[in-house]
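Per our numbering: the sequence shown ends with 898, consecutive numbering throughout. Comments concern the structure below.
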Amino acid sequence: MPSLKSIPVRDYFQAIMIFLFIVGLAFSTRWIYGKKLGFEVVWDPTFIQLLYPSAKLESEMIRAGKFALWDPYRGFGYSLISPDGFLFTQPLLWIYYLWGNDFGFEMIFLLRIMFAGFFAYVLARGIGLSHSAGLISGAGFMLCGYFRQFLNFTDLFVNMCLPLLILFSLRFFRRLTFFDFIMSLLFLYLLTTGAHPMPIYYSLGVLFLIAFYTGLEKALNREQKVISAFLPRILLWLIMIILAHLWSYVFPIFIELVSRSWTFHSPEIGMLHLNINHLIALFTPIFDYWLELPEGKLAITTPIPSYLGLFLCSLALFTIFNLKKHSPQIYFFWLLALLLLGIIFSLPILNFPGLLPLANRFQNFRYLQPLGALSLSILAGFGFEKLKKGEGIKFYLFFLLLLGIWLLVHIIFFWQPLKHSPLFFLVGMLLIVSIASLIFIYLFPVKHLLVEPVKIIPRLIFILTTSELFLYFIFPSNPAGSELYKVSRPKFLDEINLASNFFRIYSSDAQLLPPNTASLFNLRDVRERAPIYNREYFLFFSALNQWKDKQEAVEDFFQDNQCYLPLRLERIPESSEEFLFRYLLVNHRLGYQSLIEQFKTDSLLAPTPNYFSHQQFELNGKLRKAFLLHPPSLLSVEIKSKGEKLVFEIGLLAKEDSRSDGADFLILGKEGEEAHLIFARFLGRSEALSKGWIEYQVEINSSLIKLASLSGPKADPIQDFALFGSLELALEGENNNYQLISDSGPFLYQRTSAVPRFFLAPEVEWVGNQETALEMVREGKLSKEKIFLVSKPGEQDFLKVNEKPEGKIYLVKDETDLVELNLELSSSGWLVMLDSYYPGWRAFLDDKEVRIYRANYLFRAVWVPKGAHRIKFIYQPRGFKLGIDQSLTMLLTLFLLGITLIFRKVFWR
């Protein structure tokens, strides 16, 4: 392997400037329209809006001179118990904190992609490829579809470092030099602190493959005996793993997760692979129309996000089928590519690593795609190197001709769907023209050209490969646009006084208040959405929901594909509700049964199915679930009981046209063979625009009702769309526990008897252990009148409430890792705080540390004597400090070793 020092500095500079120009040009295609490319990433099922708040939170902590700590929302209403402060070991993240706005994230995205390409270029040069071949490999990795469509802000930290980890590990396990060992540890450290667990362990698998491959190479070349070739390298691999875990946050996180969390792992998820038919999508997104998603919809962009382009894949395949006269390193990447494709697509024989014990614990194998893209990009560099030397051009062009014919047939057969994506159709035609032009130049050389076809074809292939990837990079965009990741402030928040500590809001519908987004608005949402939970939190929810076992909890977790721990309000005692939330967010009025989902769409009577729509509509600032009936049309529903009160709203979507004149709204009832008119109302355009939704109530005495709409006097149905909103039946009895405070949509209710966040317990009951406390939660004994605490010998007599405490509580500070209160008590008593009890929180009463007791199993309580006091709750977890110390030790050690090597003049040994 050549020395990196032997490569001219101008080559490094030229490569980084070329990659920066390409990526900058791609991003500028959005900047000129005032948009951001980083917020168009579409494929990751965990939307950016679920990851963005935590990074936003970290930036605020940095500006406040603090680190974002492990459980920033105090264990209740936040999805992660693992720390995110360690992301500051990634230098690029500081750009956002120093920049101060969202454009900083855009710059991070740009630089990560650019460095991913440059590091792949360095890898290619480090294994002996030329400058132009290195540029091909770097562009292939940098512009692969994985970075364009399957991005989260932590994932690229890991994948950006993969090329240099592979390079220095190959050098180290070949030569066993100290410098390469230190550099391998450095990039392994950056990987393990990259906040994305799956690629971390995949990279450890790659390191094992490198150790095994280099040992095998030494043994086959008879440079070393079998034992001396394999044993030291396997031992060094184990040492690297141990150091990577001990010198980063991985080890304390692991202890935290094992000791304090409940995790759910689905075997089906664990062995999730991509269908083997999807291999064609690696060539070009144009082949997407061969693929059908589970929903039965044809994709606009590829569901296999690591597409590499037709020309790059053809170069890689050219290398795979023509391995002669290459450097020995090619066999490693050939083997790596085959194994990765085997695991990702579950190919027979090649998939054996995925069948190993514990392999299914890696959730799914989609995270291997960037490794696959990197290995295939390096193989493409080897193929380009061979073409550059004039070897195998005829074979390559024949192979390219077959791909071109395949592409042409595909375009002909899928003309109908492709015509709706003109950009991809244009790229497909350009690919065919480009392939035909290459073949024409080779078969019919132009005499007046100064360069021979053998030399000009590699240059054209270089331009075509980069151009194709560039076009794919700028063309795919989320069909919903950047609005999908724009979390606008809900209107109902205007009715909530966040400063008054009314902090918990709950909705059974994840669409109304998506889990993890509540942090954007300083809300404490009581739901969770993650595969990892604080064990006490999970047990608390299990007791509330009356789950009998883990399986029942899992079934509720996955119900309706929402993937979060729900609260089943029908199972929870009212006294428990008082502790859980102050606000309730619902799609329909409390005390009413929604009929929206019960209407039979197959009974729709209309000229075409397009005359009906069921979705949310907003009129004059009020959002409602509603039916849109394009006059004339008819829709029916059966109801189980008679004599009910039907509450509904009507509205009109009127076009800006003189022919728009309104619509007739009719509700018909039918009982047996008899039919009668229940409601009739004509709504004109001007009234509809001024009033928006108009509410009505009617009595229903029929088991079948029909909604109907007719066009206005001008009989032009194209201009007016009739809307029936809400459609709810009143239930028996009244719910006096909630008060409607906003009907702007969705409906926001405030619980009239909610327990405040801080209160003085009038009475306490001591229990023997946590299991007893949990059983009391299951029995519905949560009550603000009597708090149960876990006892210790002698504490029951020492800390008793002799009289009902009275006093005032003032909130002084409420920060991520600090809550400060002033208290004025007329008698001693227990201060209860409805934030989660979690290790790491410490309480200081008048600057003296006091014990935090577990109250009602999940919450906190502190004994406060009579008088005026100041109490502080400070979050100082041991694991976080340990992680900081370990990371600083790692960085300092690497720095000192580097300085030592420089002064000893063996830096480029």
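C-beta: ideal position from N, C-alpha, C; glycine also.
In the stretch 525 to 587, which residue ranges form an unbroken alpha helix (DSSP H) of at least 4 residues, counting only runs that do not cross its ends? 539 to 546, 563 to 569
Of all the options Ile11, Pro479, Ser817, Phe748, which has the alpha carbon lying nearest to the alpha carbon of Met131? Ile11
By Cβ distance, which residues of its chain are closer than 8 Å to Gly381, with the 5 residues on each side in sequence left out? Phe307, Asn311, Lys375
Using the C-alpha atoms, what's the distance from Glu804 back to Tyr864? 10 Å
Under 7 Å: does the beta carbon of Ile333 sit that close to some heavy atom of the ligand GTP? In terms of ligand content, the structure shown is empty, and the ligand GTP therefore cannot be addressed.
Would DSSP call Ile445 helix, strand or coil? helix
To the nearest whole angstrom, what separates the beta carbons of Leu812 and Val753, a pair I think is in contact under 8 Å? With a Cβ gap of about 17 Å, Leu812 and Val753 do not count as contacting.
Among Met822, Trp536, Phe510, the one whose alpha carbon lies nearest that of Phe568: Met822
Buried versus exposed call for Leu174 [16 or more other C-beta atoms within 10 Å across all chains shown]: buried
Count the other C-beta atoms from every protein chain shown that fall within 10 angstroms of the C-beta of Ala857, then say buried if there are 16 or more, exposed otherwise. exposed
Could you tell me the distance, in whole angstroms, from the CA atom of Pro221 to the CA atom of Arg448? 44 Å
In whole angstroms, give me the CA-to-CA distance for Leu159 and Leu573. 57 Å
Measure the C-alpha to C-alpha separation of Glu281 and Leu297 and round it to an integer number of angstroms. A caution first: Glu281 carries a pLDDT of 40, below 50, which makes its placement in the model too unreliable to give a value.
Count the other CB atoms, across all protein chains shown, that sit within 10 Å of the CB of Lys207; report buried if there are 16 or more and exposed otherwise. buried
Could you give the C-beta distance for Ser456 and Phe388, rounded to a whole number, given that I count them as a contact under 8 Å? Wrong, their Cβ atoms sit about 20 Å apart, outside the cutoff.
Contacting residues, own chain, Cβ-Cβ under 8 Å from Ile155 (five flanking each side not counted): Leu112, Val195, Ile199, Leu363
So Gly93 packs on Ile102, CB below 8 Å; how close in whole Å? That pair is no contact at about 15 Å.
Is the beta carbon of Ile694 less than 8 Å from the beta carbon of Ile656? yes
When you compare the CB positions of Ile798 and Phe747, do they come within less than 8 Å of one another, or not? yes
Have a look at Val(-2), Arg513, Pro337 and flag the residue whose alpha-carbon is nearest the alpha-carbon of Ser825. Arg513
Using a Cβ-Cβ cut-off of 8 Å (strictly less than) and excluding sequence neighbours within five positions of Arg560, which residues of its own chain qualify? Leu533, Asn534, Gln535
Mapping the DSSP letters down to three states, classify Phe668 as helix, strand or coil. strand
What does a CB cutoff of less than 7 Å around Ile(-4) pick up in its chain, not counting 5 residues either side in sequence? Arg114
Just tell me which of Pro317, Tyr110, His619 has its CA closest to the CA of Leu205. Pro317
If contacts are defined as beta-carbon pairs under 8 Å, then Ile667 and Gly673 qualify, I think. What distance do you get, rounded to the angstrom? Incorrect: roughly 21 Å between the Cβ atoms, too far for contact.
Residue closest to Pro751, alpha-carbon to alpha-carbon, out of Lys802, Glu792, Arg767: Glu792
For Asp0, name the three-state secondary structure that DSSP assigns. helix
Three-state secondary structure assigned by DSSP to Phe833: strand
Classify Ile730 as helix, strand or coil using the three-state DSSP reduction. strand
Could you pull the DSSP bridge partners for Lys611 from this structure? Leu608
Would you kindly check if the distance between the Cβ of Gly127 and the Cβ of Phe917 is under 8 Å? Nothing can be reported for residue 917: it is not among the residues displayed for the chain, which extend from -10 to 898.
So, Leu176 versus Phe157, is the Cβ gap smaller than 8 Å? Rather than Leu, the amino acid found at residue 176 in this sequence is Phe. It is a contact, given that the beta carbons lie within the stated cut-off.
Among residues of its own chain, excluding the 5 on either side of Leu224, which ones have a beta-carbon nearer than 6 Å to its beta-carbon? none
Which of helix, strand or coil DSSP assigns to Gly379: coil
When burial is assigned at 16 or more other CB atoms within 10 Å of the CB, is Trp20 buried or exposed? exposed
With DSSP collapsed to three states, give me the class of Pro697. Reading the sequence as shown, one finds Ala at residue 697 and not Pro. Strand at Ala697.
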